[in-house]
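Everything in the sequence shown is counted per this note's numbering, starting at 25 for the first residue and increasing by one. Yeah, the Cβ is synthetic: ideal placement off N, Cα and C, and Gly gets one too. Note that this is a predicted model, so its numbers are computed, not measured.
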Amino acid sequence: QRVLFLWRNADTVVIGRAQNPWKECNTRRMEEDNVRLARRSSGGGAVFHDLGNTCFTFMAGKPEYDKTISTTIVLNALNALDVNADASGRNDLVVKTAEGDRKVLNTLGVEADASGRNDLVVKTPDGDRKVSGSAYRETKDRGFHHGTLLLNADLSRLANYLNPDKKKLAAKG
């Protein structure tokens, strides 16, 4: 059986399984602003959720679990919204737009394809800008694929609560 969960969180920082919240997050600022902290069972980096994000989790038992199937479902959903999406590379999607719109998934008719590691990025004249990332977890009998889509997120607030690695931030935009 395959299951897809879709949800939104109000102001929450979600960290990966092995992350240290005091290293990854500005916990003082989070407490001041009543931002919650959660840990997911999968790996991956820290993310800030607000009501402008849409989160997804694909879950399936083995042998049905396959990352390429969940990636294809995301691609098909983008195509259904007239976003020209394609899969190539690892498990990633890249959205290309001349306008450099970070809220590109709210905009129809955008050309997209896949490359990179586990990120959905927007191609802008100034370089790639991350729109989504994925994290995965597999056990002996099932697998999970999590992702967060920055559909209409308040990107100005990310820096208030996350302490990203400077090299990673420069590479991701």
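First and last residue of the uninterrupted alpha helix (DSSP H) at residue i
i, result
"Arg52", "51 to 56"
"Leu182", "182 to 185"
"Lys47", "45 to 48"
Contact set for residue i: own chain, Cβ-Cβ below 7 Å, skip 5 residues either direction
i, result
"Ala177", "Asp74, Gly76, Asn77"
"Thr172", "Val71, His73, Asn77, Cys79, Ser156, Gly157"
"Met54", "Val37, Leu61, Tyr185"
As assigned by DSSP and simplified to three states, the class of residue i
i, result
"Thr81", "strand"
"Thr95", "helix"
"Ala42", "coil"
"Leu30", "strand"
Classification of residue i by the beta-carbon crowding that lies within 10 angstroms, buried from 16 upward
i, result
"Phe72", "buried"
"Phe29", "exposed"
"Glu48", "buried"
Euclidean distance between Cα positions of residue i and residue j
i, j, result
"Leu175", "Pro87", "32 Å"
"Val98", "Phe82", "10 Å"
"Arg181", "Gly167", "32 Å"
Close beta carbons around residue i, own chain, < 6 Å, minus the five adjacent residues each side
i, result
"Asp35", "Val59, Asp74"
Extent of the continuous beta strand (DSSP E) to which residue i belongs
i, result
"Leu174", "166 to 174"
"Leu61", "60 to 63"
Own chain, CB closer than 8 Å to residue i, minus 5 neighbours either side, in chain order
i, result
"Asn130", "For Asn130, the pLDDT reaches just 39, beneath the cut-off of 50, and the residue's location in the model is therefore unreliable, although a value from the coordinates is still provided. So the list reads Leu175, Asn176, once near-sequence residues are dropped."
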